[in-house]
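Enquirer:
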Amino acid sequence: MLGDNSMILGHRLSELCGHGPSLETDIALTNISLDLFGQVRHYFQYAAKIKGAETTEDNIAFLRLPNEYKNTLLVEQPNTDLAYVIARQFFYDVYHLLLLDQLINSTDKQIAAIATKSIKEVKYHTRFSSQWVKRLGDGTAESHEKMQTAIDYLYPYTADLFKETPLEVSLKEAGIGADLTKIKESWLTQVKSVLEEATITFPENPYGHVGGKEGVHSEHLGYILSDLQYMQRAYPNMTW
Amino acid sequence: MKKEWPIWEVFIRTKNGLEHRHIGSLHAADSTMAIENARDVYTRRQEGVSIWVVESINISASNPSNSDSLFDPAIDKAYRHPTFYKLPEGVKHI
Amino acid sequence: MQDLEKDFQDRIDRGEVIEPRDWMPEKYRKTHIRQISQHAHSEIVGMLPEGNWLTRTPTLRRKVALLAKVQDEAGHGLYLYSAAETLGISRDELFEQLNAGKAKYSSIFNYPTLSWADIGIIGWLVDGAAIINQVMLTRTSYGPYARAMVKICKEESFHQRQGFEIMMTLCNGTAVQKQMAQDSLNRWWWPSLMMFGPPDAESTHTEQSMKWKIKLKTNDELRQQMVDVTVEQAKVLGLTMPDPDIKWNEERGHYDFGEIDWEEFWQVVKGYGPCNKERLAARNKAWDEGAWVREAAVAYAEKQAAKRTQAIAV
């Protein structure tokens, strides 16, 4: 789940590489993507070890069925424009940081170790995306409008972040996973504070989309997977 | 309206104990962004532990056409260098 | 004026390095802007054919390697634009020249990447060719350009290895993979030789560029170097060079090779290669769609600065 979030978000960011608004921003977004893929590899290598037998990080990354990917709906949303990219990143970063902050105390030593390493990276991501929310929100009239639109559009997808699945509940009870109910409040406080500075109106929409973490995705994931899985599906059982 | 992000000069300290050195330049809208961009552009391979950025227009430089008068007078001041002074053989730790 | 130019040439002949604020002939400045910006554009446009495979890498390891490589190219473009900017032209102006189709970039990036093997080939051949050129340029007479080259060469050393490793894996793989590798070499070999530019006899800039040490070896010398190293490497891979005329020449101490199709080269240079239009369109799209973002950042910076000034005034 954690690995899938990082992978799908990292994948979305990698689509932008070479197409950013400035060279500096292009490089920065790719750095975030690389951080995320680094985390993916840690999670998947660990998962592969648990699964044992012939499983590798690549089997997990590339050869599952669509409903076996458990990323949240938020991270699979497309790069409509940079405001969407930043809004998606910002919502996720704030959540990701709070989540890792709990996972560093996970009773699973390996997960705690990955969280401890990742948290430094995600702190930077959060700072970066918060800054950009403010820049775009409080920049020009045009950028303000675009930022507001993106925030309004993506906010309903954040519901998926906090909807606890049965698996998450059992992991929480075992002391391995995080307590999402605790995270939600801090998340709201932080998001509201940045949006306020960015002169963006907080979207008061009570309805949200859920399902990603249980494998029920938006239409976008299918296309992501057809790219992601292309080589492994077209040329099965080969070494690359 | 069309304004280019200003140029910033980037100085990196590669590790504590060493001075910051000029490493290159980049574009950024403000100093916060300049530091973040410098981090992303110039420290991807662990090149630094500290970053300074200065907007290029704030740097004053000596004029190369004055180089003669600025730097040549130092040429014949050999007495500022230790090799100017003679020591008898066998004297150590000086 | 005459004396200044003579002094300048003497400095270069003595192996001195020219720095931004030094006096330089207008033509030296212009030539450098042209060459450095072409080089920078090549890095930036060069991100596109490889970027085409960023979402389709076969493994996670390949994914991070390719992402880091394409990102490096953005960095290298940035270093080079910075070097050009020391000559009194802005990055925006250079981008505008590129986007308007007025500036050149390496013709190789107008070829399509059709298979995963093409990513290996770009690393092996295209970066291989670039490295030959860039190592020479670390000793070029203009300081900022030479320094950018040193940094680039240092970072780029992994690029070619990354490509060769992909090729090696394919060549040690299944028959399908080996065929993919061979097919890719067949398509990219000749265009990669064209990267060194027209033959010396037809090269308009070579003589002056050599005099100013913007170039230290001629196009044909560099091309020969490329052929010599690649033929040996292809043997290691077990691939067949797509040129029946390649033969060791004992007397010259080099490999002979066949005639290059210069007609094709000029066609691509003039904008009629397989992907010229797509590449330019992609650059224009990124630039145009990024405009509001760049403007927003400036507006935000100005607002923040005004707030600070106000705070001080109070």
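Protein chains in written order, with this note's numbering: chain W, 1 to 240; chain Z, 1001 to 1094; chain Y, 2001 to 2314.
The C-beta atom is built at its ideal place from N, Cα and C for all residues, glycine as well.
(1) Considering Lys117/W, what are the terminal residues of the alpha helix (DSSP H) in which it resides?
(2) Contact defined as beta carbons within less than 8 Å: I believe Ala2385/Y pairs with Met2195/Y. What is the distance between those atoms, to the nearest angstrom?
(3) Using DSSP's beta-bridge definition, name the partner residues of Arg1021/Z.
(4) Which chain Z residues sit within Cβ distance under 7 Å of Val2298/Y?
(5) When DSSP builds the beta bridges, which residues end up paired with Glu1055/Z?
(6) In the DSSP output, what is Tyr92/W paired with across the bridge?
(7) Which residues in the same chain have their Cβ closer than 8 Å to the Cβ of Gly2258/Y, if we skip the five residues on either side of it in sequence?
(8) Give a yes or no on whether the minimum CB-CB distance between Arg2021/Y and chain Z is below 7 Å.
(9) Can you name the residues of chain Z whose CB is closer than 8 Å to the CB of Gln2134/Y?
(10) Rounded to a whole number of angstroms, what is the C-alpha to C-alpha distance between His19/W and Leu2098/Y?
(11) Which of the three DSSP states, helix, strand or coil, is assigned to Lys2215/Y?
(12) In its own chain, which residues sit with a C-beta less than 8 Å from the C-beta of Asn246/W, not counting the 5 before and 5 after it?
(13) Distance check for Glu1089/Z and Ser1078/Z, CA to CA, integer angstroms please.
(14) Would you give the residue range spanned by the beta strand (DSSP E) that Lys2247/Y belongs to?
(15) Comparing the C-beta of Val1041/Z with each C-beta of chain W, is any distance below 7 Å?
(16) May I ask you to verify whether the stretch 37-47 of chain W touches the stretch 183-191 of chain W, counting CB pairs closer than 8 Å and requiring at least 3?
(17) Classify Ile2152/Y as buried or exposed, calling it buried when 16 or more other Cβ atoms lie within 10 Å of its own Cβ.
(18) Report the neighbours of Glu1047/Z on chain W: residues whose CB is nearer than 7 Å to its CB, in chain order.
(19) Please tell me whether Ser143/W has its Cβ less than 7 Å away from any Cβ of chain Y.
(20) Applying a beta-carbon distance threshold of less than 8 Å, which residues of chain Z neighbour Phe44/W?
(21) Since Ile176/W and Thr107/W should fall inside the 8 Å C-beta cutoff, what is the C-beta to C-beta distance between them, to a whole number of angstroms?
(22) Identify the continuous beta strand (DSSP E) that holds His2254/Y and give its terminal residues.
(23) Please list the terminal residues of the continuous alpha helix (DSSP H) segment that includes Ala2296/Y.
(24) State buried or exposed for Val169/W, treating a residue as buried only when at least 16 other CB atoms are found within 10 Å of its CB.
(25) Tell me Leu1026/Z's beta-bridge partners as DSSP assigns them.
(26) Hey, could you find the ends of the alpha helix (DSSP H) Gln232/W is sitting in?
(27) Please state the DSSP three-state secondary structure of Ser106/W.
(28) Report yes or no: do three or more beta-carbon pairs, one from the stretch 2032-2048 of chain Y and one from the stretch 2084-2101 of chain Y, lie closer than 8 Å?
(29) I'd like to know whether the C-beta atoms of Thr138/W and Ala198/W end up nearer to each other than 7 Å.
(30) Below 8 Å on C-beta distance, what does His11/W contact in chain Y?
(31) Whose Cβ in chain W lies nearer than 9 Å to the Cβ of Glu1036/Z?
(32) Quick one: does Trp187/W have its CB under 7 Å from some CB of chain Y?
(33) What is the DSSP secondary structure of Ser186/W, counted as helix, strand or coil?
(34) Helix, strand or coil for Tyr1079/Z per DSSP?
(35) Just to confirm the assignment, what range does the alpha helix (DSSP H) spanning Arg2062/Y have?
(36) How many Å lie between Asp2010/Y and Ser2082/Y at the Cα?
Expert: Well, looking at it:
(1) Walking along the first sequence from the start, residue 117/W turns up at place 117. Start and end: 109-137.
(2) Any question about residue 2385/Y goes unanswered here, given that chain Y covers just 2001 to 2314.
(3) For this step, residue 1021/Z is matched to residue 21 along the second sequence. Answer is Ile1012/Z, bridged to Arg1021/Z.
(4) As a position in the third sequence, residue 2298/Y is number 298, starting the count at 1. Per Cβ cutoff of 7 Å: Lys1003, Trp1005, Ala1029.
(5) Against the second sequence, residue 1055/Z aligns to sequence position 55. Bridge partners of Glu1055/Z: Trp1008/Z.
(6) The count along the first sequence starts at 1 and reaches residue 92/W at position 92. According to DSSP, which records beta bridges pairwise, Tyr92/W is partnered with nothing at all.
(7) Position 258 of the third sequence, counting from 1, holds the residue named residue 2258/Y. So the list reads Asp2243, Pro2244, Asp2245, Ile2246, once near-sequence residues are dropped.
(8) Within the third sequence, numbered from 1, the residue matching residue 2021/Y stands at position 21. Yes - at least one Cβ of chain Z is within 7 Å of the one on Arg2021/Y.
(9) Translated into positions along the third sequence, residue 2134/Y becomes position 134. Chain Z residues near Gln2134/Y: none, gap ~17 Å exceeds 8 Å.
(10) Walking along the first sequence from the start, residue 19/W turns up at place 19. Walking along the third sequence from the start, residue 2098/Y turns up at place 98. Those two C-alpha atoms are separated by around 15 Å.
(11) Along the third sequence, read from residue 1 onward, the residue named residue 2215/Y stands at position 215. Residue state, collapsed to three classes: coil.
(12) Not covered by the structure: residue 246/W. The range shown for chain W is 1 to 240.
(13) Here residue 1078/Z is taken as the residue at index 78 of the second sequence, counted from 1. Here residue 1089/Z is taken as the residue at index 89 of the second sequence, counted from 1. Reading off the sequence, residue 1078/Z comes out as Ala, not Ser. Using only the alpha carbons, I get a separation of about 21 Å.
(14) As a first step, residue 2247/Y must be located in the third sequence, where it is residue number 247. 2247-2249 is the span of the beta strand (DSSP E), which, as asked, contains Lys2247/Y.
(15) Numbered from 1 along the second sequence, position 41 holds the residue referred to as residue 1041/Z. Yes, contact with chain W.
(16) no
(17) Taking the first residue of the third sequence as 1, we reach residue 2152/Y at position 152. With 16 or more Cβ atoms within 10 Å of its Cβ, Ile2152/Y is classed as buried.
(18) For this step, residue 1047/Z is matched to residue 47 along the second sequence. Going along chain W, no residue has its Cβ under 7 Å from Glu1047/Z, so there is no contact; the nearest lies around 14 Å.
(19) Position 143 of the first sequence, counted from the start, is the residue given in the question as residue 143/W. It does; some Cβ of chain Y falls within 7 Å.
(20) Residue 44/W sits at position 44 when you count from the first residue of the first sequence. By Cβ distance, chain Z contributes nothing, its closest Cβ being about 23 Å from Phe44/W, past 8 Å.
(21) Position 176 of the first sequence, counting from 1, holds the residue named residue 176/W. Position 107 of the first sequence, counting from 1, holds the residue named residue 107/W. Confirmed, Cβ separation roughly 6 Å.
(22) On the third sequence, residue 2254/Y is found 254 positions in, with the first residue counted as 1. Counting along the chain, the beta strand (DSSP E) containing His2254/Y begins and ends at 2254-2256.
(23) Translated into positions along the third sequence, residue 2296/Y becomes position 296. It spans 2276-2313 - the alpha helix (DSSP H) in which Ala2296/Y sits, taken as one unbroken run.
(24) Start at 1 with the first residue of the first sequence, and residue 169/W comes out as number 169. Exposed.
(25) Along the second sequence, read from residue 1 onward, the residue named residue 1026/Z stands at position 26. According to DSSP, Leu1026/Z bridges with Trp1008/Z.
(26) Here the question's residue 232/W lines up with position 232 in the first sequence. Where Gln232/W is concerned, the enclosing alpha helix (DSSP H) stretches over 230-234.
(27) For the purposes of this step, residue 106/W is identified with residue 106 of the first sequence, where counting begins at 1. Ser106/W falls in the coil class under three-state DSSP.
(28) yes
(29) Walking along the first sequence from the start, residue 138/W turns up at place 138. Walking along the first sequence from the start, residue 198/W turns up at place 198. Position check: residue 138/W holds Asp in this sequence, whereas Thr was assumed. The answer is yes: Cβ separation under 7 Å.
(30) For the purposes of this step, residue 11/W is taken as the residue at position 11 of the first sequence. Chain Y residues near His11/W: Thr2055.
(31) Along the second sequence, one-based indexing puts residue 1036/Z at 36. In chain order: Glu24, Ala28, Tyr124, Arg127, Phe128, Gln131.
(32) As a position in the first sequence, residue 187/W is number 187, starting the count at 1. No - not a single Cβ of chain Y is within 7 Å of the one on Trp187/W.
(33) Within the first sequence, numbered from 1, the residue matching residue 186/W stands at position 186. In this structure, Ser186/W counts as helix in the three-state DSSP scheme.
(34) Taking the second sequence and counting its residues from 1, one reaches residue 1079/Z at position 79. Three-state DSSP puts Tyr1079/Z in a helix.
(35) For this step, residue 2062/Y is matched to residue 62 along the third sequence. It spans 2060-2085 - the alpha helix (DSSP H) in which Arg2062/Y sits, taken as one unbroken run.
(36) Your numbering for residue 2010/Y matches position 10 in the third sequence. Your numbering for residue 2082/Y matches position 82 in the third sequence. Roughly 27 Å separates the two Cα atoms.
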